[in-house]
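Participant: Sequences listed follow chains A and B, in order.
Using the working numbering, read the first sequence as starting at 633 and increasing by one per residue.
Using the working numbering, read the second sequence as starting at 13 and increasing by one per residue.
Glycine included, C-beta positions come from ideal geometry on N, C-alpha and C.
These figures come from a predicted structure and were not determined experimentally.
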Amino acid sequence: MKNSKPQIDYQQPVIELRGIVKSFGDLHVLRGIDLDLYKGENLVVLGRSGTGKSVLIKIISGLLTADEGSVEVLERNVPQLKEKELQQLRMQIGFSFQNSALYDSMTIKENLEFPLVRNKRNLSRKEIDGAVDEVLEAVGLSHTIEQMPSQLSGGQKKRIGIARTLILKPEIMLYDEPTAGLDPITCIEINSLINEVQEKYKTSSIIITHDLACAKSVGDRIVMLLDGKFEYQGSFEEIFGTNDERVKPFYDYNFIT
Amino acid sequence: MLNRLKRILLELAKIHRFVMRFYRELFRAPLEWKEIIRQCYEIGWKSLPLISLTGFVTGWVFTNQSRPSLSEFGATSWLPMLISIAIVRALAPLVTALIAAGKVGSQIGAELSSMKVTEQIDAMEVSGTNPFKFLVVSRVLATTITIPILSFYTALVGLMGAFLSVYINEDTGFIIYFEQIFEAISFLDIFSLVLKAVVFGFTIGVVGCYQGFHSPNGTEGVGKAANWSVVMSMFLIFIEELLIVQILNGIRNW
Chain A
633 MKNSKPQIDY QQPVIELRGI VKSFGDLHVL RGIDLDLYKG ENLVVLGRSG TGKSVLIKII
693 SGLLTADEGS VEVLERNVPQ LKEKELQQLR MQIGFSFQNS ALYDSMTIKE NLEFPLVRNK
753 RNLSRKEIDG AVDEVLEAVG LSHTIEQMPS QLSGGQKKRI GIARTLILKP EIMLYDEPTA
813 GLDPITCIEI NSLINEVQEK YKTSSIIITH DLACAKSVGD RIVMLLDGKF EYQGSFEEIF
873 GTNDERVKPF YDYNFIT
Chain B
13 MLNRLKRILL ELAKIHRFVM RFYRELFRAP LEWKEIIRQC YEIGWKSLPL ISLTGFVTGW
73 VFTNQSRPSL SEFGATSWLP MLISIAIVRA LAPLVTALIA AGKVGSQIGA ELSSMKVTEQ
133 IDAMEVSGTN PFKFLVVSRV LATTITIPIL SFYTALVGLM GAFLSVYINE DTGFIIYFEQ
193 IFEAISFLDI FSLVLKAVVF GFTIGVVGCY QGFHSPNGTE GVGKAANWSV VMSMFLIFIE
253 ELLIVQILNG IRNW
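(1) With a threshold of 6 Å on Cβ separation, who are the neighbours of MET633 of chain A within its own chain once the five nearest residues in sequence on each side are excluded?
(2) Quick check on the DSSP output: the alpha helix (DSSP H) that includes LYS685 of chain A runs from which residue to which?
(3) ALA775 of chain A by DSSP, collapsed to three states: which one?
(4) Tell me, please, whether the CB atom of THR130 of chain B is closer than 8 Å to any CB atom in chain A?
(5) Is any non-hydrogen atom of the ligand GTP found closer than 7 Å to the C-beta of LYS861 of chain A, if you look at the structure I gave you?
(6) Is the CB-CB distance between PRO881 of chain A and THR835 of chain A below 8 Å?
(7) Please classify LEU688 of chain A as buried or exposed, where buried requires at least 16 other C-beta atoms within 10 Å of its C-beta.
(8) Would DSSP call LYS758 of chain A helix, strand or coil?
(9) Mind checking which residues open and close the beta strand (DSSP E) that includes THR108 of chain B?
(10) Using a Cβ-Cβ cut-off of less than 8 Å, list which residues of the stretch 740-766 of chain A approach chain B; keep chain order.
(11) Name the chain A residues whose beta carbon is nearer than 8 Å to that of SER241 of chain B?
(12) Which same chain residues end up closer than 6 Å to GLU704 of chain A when comparing Cβ atoms and leaving out the 5 residues on each side of it in sequence?
(13) What's the gap between the Cα of GLN724 of chain A and the Cα of LYS58 of chain B?
(14) For chain B, check one thing: does any of its Cβ atoms lie closer than 8 Å to the Cβ of VAL731 of chain A?
(15) Per the DSSP calculation, PRO645 of chain A is bridged to which residue(s)?
(16) Can you look up ILE817 of chain A in the DSSP assignment and give me helix, strand or coil?
(17) Let me know the alpha helix (DSSP H) ranges lying completely inside the stretch 805-878 of chain A, each 4 residues or longer, listed in chain order.
(18) Against chain A, does VAL152 of chain B count as a neighbour if the rule is that its beta carbon must be under 8 Å from one of theirs?
(19) Can the beta-carbon of GLU37 of chain B be found closer than 8 Å to that of LYS145 of chain B?
(20) Output, in sequence order along the chain, the residues in the stretch 855-873 of chain A whose CB is closer than 7 Å to any CB in chain B.
(21) Between the C-alpha atoms of SER81 of chain B and VAL178 of chain B, what's the straight-line distance to the nearest angstrom?
(22) In angstroms with no decimal places, state the Cα-to-Cα distance between GLY56 of chain B and VAL764 of chain A.
(23) Can you give me the C-alpha to C-alpha distance between ASP852 of chain A and LYS637 of chain A, rounded to a whole angstrom?
(24) With a threshold of 16 other CB atoms inside 10 Å of the CB of TRP45 of chain B, please say whether the residue is buried or exposed.
(25) Buried or exposed, going by whether 16 or more other CB atoms sit within 10 Å of the CB of PRO711 of chain A?
(26) With a CB to CB cut of under 7 Å and the five nearest residues on each side skipped, what residues in its chain are close to GLY672 of chain A?
(27) To the nearest whole angstrom, what separates the beta carbons of LYS861 of chain A and ARG680 of chain A, a pair I think is in contact under 8 Å?
(28) Under 8 Å between the Cβ atoms of VAL107 of chain B and ASP201 of chain B?
(29) Between the Cα of ASP815 of chain A and the Cα atoms of A:LYS790, A:LEU675 and A:VAL676, which residue gives the shortest distance?
(30) Taking only three categories from DSSP, how would you classify ILE20 of chain B?
(31) Once you ignore the five residues that flank SER118 of chain B on each side, which residues in its own chain have a CB closer than 6 Å to its CB?
(32) Starting from the beta carbon of LEU695 of chain A, find every residue of chain B whose beta carbon is closer than 8 Å, and list them in chain order.
(33) Between the C-alpha atoms of MET805 of chain A and GLU253 of chain B, what's the straight-line distance to the nearest angstrom?
(34) Can we say the stretch 129-139 of chain B touches the stretch 81-100 of chain B, given the rule of at least three CB pairs closer than 8 Å?
(35) Can you say whether ASP183 of chain B is buried or exposed, counting buried as having 16 or more other CB atoms within 10 angstroms of its CB?
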């Protein structure tokens, strides 16, 4: 893919979160989150496991409902959308799951065409096949088209998971731990793919991770989720220039200082 | 005690919502026809070998068990009539449903539960697909359609098993045997088979899907969903059998 990085439009937020609170019983996960994602931006959300990073993007996509606060995605108020409207909005949001979530009873081709066949019922077989070929080429896995998900490696599954979201040409991408459980070389390949997706498809993305190499490689801006709130935000250097004892271990562990 | 009662009532409310949602989605176009046909193939066609064996053995064994009682009164010539009524009215739908509850119900429960654990259901939802319609409606429709067809097939195979026993022991010919059978079976008996099979099929589908959709997370949840799908389906099938027999006997005596 030879494309240029899109210009970030700081006047045009595609996601606006205000005062998001979410609890599961007595466990208070998010305690007042405010967040803007701007058009063309790759935003990394860093934080420890179990701090509610995945919950945050599930709230954005409407899979979970916040207890308090407002969620606006592409100028639409997510909690107030009717089922059909939410379905329409979701076609503009790509969600890459931590474990890829490929449908294991279907071939790669069937996995990829699944969202397309159900959402764009007027497409011809030729157009569907063309779209499948295009996204497979974009993730560099054209040869896997007839394989089953169980035949792929972890990295390949991640790529196919991303390809499946790209087939609907989303404006926003949500990546949940894209490099979790992968070897360093594959992590670098996935990071490159995230950047390539941003460049080719002009997407705005939220990347949930605790992998600092990933954050440094793909993030235009980084926010740090600590104790249910965003405590720090800025560039990689700004975040890790702090002496906060809750932040420093991340850097020390990832870069073995 | 009060907490337990509260939990049971909450669970019943959840099941009620689940069934109501099924009806809402069922009448909202478009239906996933390709998936419904695939499920009918998975549930129906792939159950045929097991159903064939079970149906044949049931017919054969039931005939052999009934013969001594009838022979005491010198009434073994009534065997075809007795067997046909028992098989068509009760055994065929019940045996089919119990086999399907074990084979199909557990399969549906485990499949949906593992899809939930691996976030495949969430993935469907965020890709603009209604997972309830795709997974639940298609499977419940498939069980409701295929169990009656399988029940007719079980009845046929069971009657063939019974014929073999009658032919060997009483030397009754094929045509005479089936003439006696068709004389004995009434429209209400056929209706009884269809009604029971439809109710049992619907139950197996709903219970399997409900357990799969609401299983606790983790691999333990997959096992529990499969297990409870079978246990609950079988329990409900016997309760339904009891109720339907009472209703049909009421109609018969009316």
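Facilitator: On the basis of the supplied data:
(1) Reliability fails at MET633 of chain A, whose pLDDT of 48 lies under 50, so the model's placement of it is uncertain and the value that follows must be treated cautiously. Within the same chain, MET633 of chain A has close Cβ partners GLU828 and LYS832.
(2) 685-692
(3) It should be pointed out that residue 775 of chain A corresponds to His in this sequence rather than to Ala. Helix.
(4) yes
(5) Looking at this structure, you won't find the ligand GTP or any other ligand, since it has none at all.
(6) no
(7) buried
(8) helix
(9) THR108 of chain B -> not in any beta strand (DSSP E); alpha helix (DSSP H) instead, spanning 104-112.
(10) Result list: PHE746, PRO747, ARG750, ASN751 and ARG753.
(11) Simply none; closest approach about 18 Å.
(12) GLU648
(13) 39 Å
(14) For the sequence presented, residue 731 of chain A should be read as Asn rather than Val. Judged by the 8 Å Cβ criterion, ASN731 of chain A is in contact with chain B.
(15) According to DSSP, which records beta bridges pairwise, PRO645 of chain A is partnered with A:TYR670.
(16) The DSSP-derived three-state label of ILE817 of chain A is helix.
(17) 816-833, 844-850 and 868-871
(18) no
(19) yes
(20) none
(21) Whole-angstrom Cα-Cα distance: 15 Å.
(22) 32 Å
(23) 11 Å
(24) exposed
(25) exposed
(26) PRO638, GLN639, ILE640, ASP641, LYS834 and SER836
(27) The pair is not a contact, with the Cβ atoms about 13 Å apart (cut-off 8 Å).
(28) no
(29) Comparing Cα positions, the closest option is A:LYS790.
(30) helix
(31) Sequence-distant partners of SER118 of chain B (beyond 5 residues in either direction) whose C-beta falls short of 6 Å from its own C-beta, in its chain, are ALA238, SER241 and VAL242.
(32) Residues of chain B whose Cβ lies closer than 8 Å to the Cβ of LEU695 of chain A are, in chain order, ASP134, GLU137 and VAL138.
(33) 52 Å
(34) no
(35) exposed
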